[in-house]
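Below: one structure, written as structure tokens.
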Amino acid sequence: MDIAGRSQDAAPSGNKMTFRELGLSEKILQAVEASGYTEPTPIQAKAIPVALAGRDVLGIAQTGTGKTAAFTLPMLSRLEQGRARARMPRTLILEPTRELAAQVEENFARYGRNHKLNVALLIGGVSFGDQEAKITRGADVLIATPGRLLDFSERGKLLLTGIEILVIDEADRMLDMGFIPDIERICKLVPFTRQTLFFSATMPQEIVRLTEAFLHNPVRIEVAPAASSPAEITQVLVASRPGADKRETLRKQIRAAANFKNAIIFCNRKRDIAILHKSLLRHGFRAGALHGDMDQRARMVSLEAFKTGEVDLIVCSDVAARGLDIPNVSHVFNFDVPTHSEDYVHRIGRTGRAGKPGTAITIVTQLDRRHIGDIEKMVGSPIGWRAGANLEDLGSPEHEEVFRPQAPQGRRLERRNRPEPHKPRDAGENRRPPEPQKPNGEKAERRAPALHRAQSVAGGRPVVGMGEHTPSFMLRPVKLKSKVAEEAD
Ligand code: AMP
């Protein structure tokens, strides 16, 4: 077994398990064999027998460990008996993003090739009509994102009272995206007697609370500590100055990358994805983009172009790329250092999958120093710098851009895939103007802002802008480099 996840208590080598020993039906075994799998991954070896026995499962595993088959194979086994009724699906899988939902659907098509199953996908951004028709016909498997599922249920188009197995996948990402209240509501709509298979890469307190409320005496299965990074991935740090220099650093790294086939490039902010994407195209790279504000069709087209090799670079946000199973990604570039160290582990896990080697290159500016420390703590070892490109080689930090507070942008801005409610504030807005100082160091009296002065001059009458008091220096013409030219450099 050479897939990314290693079980903490996996069977010792020499005593390897086979799929046949897990208790799966002949039809399923044939489909697994046709997929080219020779032996179960640790999460499959542990979870499948437990799920087949009807027990609840609490699986702590990240993507890349084979966890999708760990829940789809026992579900198929259960679905071999019985039939779906109109509007009453028999099993339900909840996924945080549309892409993950579509990916699970592909898995059902692959492993369920010898079964005649109706699989319905309920995701946002796709017309209600087709989805409704499938549900009305009767779905054996319903794969859904929480928002669209609740929409259907509230319109009376779907009854969840026939659910026999509920799968909650990527629970920690659901938490990041603000879906936990929706999950709680859904758990109350499905029968108490259903079986629950629950998967999360990490177990923050809110997730523990959720499992205590909705799982019945689950068997806990943990593969590879959530915070570790797959050993097959070569990790490198490259120092850079910010702004246009950083884009140049990225281009150099892409051009110099050994064994390069394709790469996922991560940015922290959607705005930067657009800038970087445009810049890469301008420099002749074949690149696509993927983020939560793109409509469903555009996201699918982008992803498909990357999967088929039509483009070999895709610039992504965390939410859009989380859990995507794109085989054979040779490189991951962190254009921005993630502010949450767990995101680092998830990002680099897009490469080095299924035992294939991968390289993760992270571009670091002086301002990222603290985050790198946190990431190294999380992965448990220092990450090496590319020769001649560490932060000391850059010289003093005074060349860095002004401090820009990095609140949890990526997550907050992409929450529930809605457009951001307000524009991110610019650096200047977040900083208080410095206290004016007299030459001798004493604090000078802060002068009233221009508008207030103008109002007092106008004797309380409303004044537009600066009234007649525009300072003359503001009327002098200045030459500025075009912002667009600067940004897409
Ligand atoms: P997942 O963690 O479910 O996203 O799976 C990660 C990748 O591992 C997918 O490309 C699967 O097709 C592949 N995979 C799943 N189970 C096995 C297995 N037993 N042997 C080899 N590859 C597998």
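For the sequence shown, this note's numbering begins at 611 and goes up steadily by one.
Backbone N, C-alpha and C fix where the C-beta goes; we use that ideal spot for every residue, glycine too.
Cβ neighbours of residue i in the same chain (closer than 6 Å, five flanking residues each side left out)
i: A655; result: M627
i: R830; result: L668
i: Q845; result: A970, I993
i: L776; result: L702, V800, R804, T806
i: R759; result: With the sequence shown as reference, residue 759 is identified as Leu, and Arg is not the correct amino acid for it. Taken in chain order, the residues that qualify are L732.
i: D750; result: L689, A694, R700, L727, N728
i: F895; result: L923
i: W995; result: L847
Residues bridged to residue i [DSSP beta-bridge criterion]
i: A730; result: L752
i: S552; result: Residue 552 lies beyond the stretch modelled for the chain, which goes from 611 to 1099, so this question has no answer here.
i: L847; result: T972, W995
i: V736; result: Answer is none; V736 lacks a bridge partner.
i: T701; result: V751, I775
i: A873; result: L923, H941
i: R695; result: M698
i: L900; result: C926
i: E832; result: I670
Short Cβ contact (8 Å threshold) for residue i with residue j
i: H941; j: I971; result: yes
i: P684; j: I703; result: no
i: R700; j: A694; result: yes
i: A849; j: L727; result: no
i: T755; j: P706; result: yes
i: E780; j: L710; result: yes
i: S927; j: K856; result: no
i: R851; j: T975; result: yes
i: I874; j: A899; result: no
i: R708; j: G692; result: no
i: N938; j: K871; result: yes
i: T812; j: D786; result: no
i: F718; j: T682; result: yes
i: I778; j: I958; result: no
i: S635; j: R720; result: no
Alpha-carbon to alpha-carbon, residue j and residue i
i: R865; j: P967; result: 19 Å
i: L686; j: C797; result: 21 Å
i: L639; j: R723; result: 11 Å
i: L769; j: D792; result: 16 Å
i: E774; j: Q713; result: 22 Å
i: D922; j: V911; result: 14 Å
i: H901; j: E631; result: 42 Å
i: A680; j: R960; result: 19 Å
i: A696; j: T771; result: 12 Å
i: T859; j: G853; result: 10 Å
i: I885; j: E816; result: 35 Å
i: C877; j: D984; result: 18 Å
i: R907; j: F738; result: 15 Å
i: L847; j: A997; result: 9 Å
i: G664; j: H981; result: 43 Å
i: H725; j: K637; result: 8 Å
i: D740; j: A730; result: 9 Å
i: A915; j: R909; result: 10 Å
i: D946; j: T918; result: 26 Å
i: V925; j: A897; result: 7 Å
i: N869; j: H887; result: 22 Å
i: A930; j: E920; result: 19 Å
Nonlocal neighbours in the same chain, by C-beta distance under 7 Å from residue i, ignoring five residues either side
i: K677; result: I653, G669, A671, F809
i: S763; result: L770, L799
i: F789; result: P706, P756
i: T746; result: A696, R697
i: Q863; result: V848, F943, I971
i: D953; result: D928
i: V736; result: Q906
i: E986; result: P992, I993
8 Å Cβ shell around residue i - same chain, five flanking residues per side excluded
i: V660; result: V667, V829, I831
i: R795; result: L760
i: N827; result: R665, D666
i: P988; result: The amino acid at residue 988 is misidentified as Pro; the sequence shows Met. For M988, where only same-chain residues beyond five positions count, the Cβ hits under 8 Å are A837, S951, E952, Y954, V955.
| request: Go through the segment 641-682 residue by residue and report every complete run of the beta strand (DSSP E) that reaches 3 residues or more, in order. | output: 667-670, all fully within the segment 641-682.
| query | Along the chain, which unbroken stretches of the beta strand (DSSP E) at least 3 residues long are found entirely within the segment 909-992? | reply | If we require 3 residues or more, the beta strand (DSSP E) runs fully inside the segment 909-992 come out as 923-926, 941-944, 968-974.
| message | Quick check for students: name the residue ranges of the beta strand (DSSP E) that lie wholly in the segment 763-829, counting only runs of 3 or more. | response | Fully enclosed beta strand (DSSP E) runs of no fewer than 3 residues occupy 775-778, 805-810 of the segment 763-829, in order along the chain.
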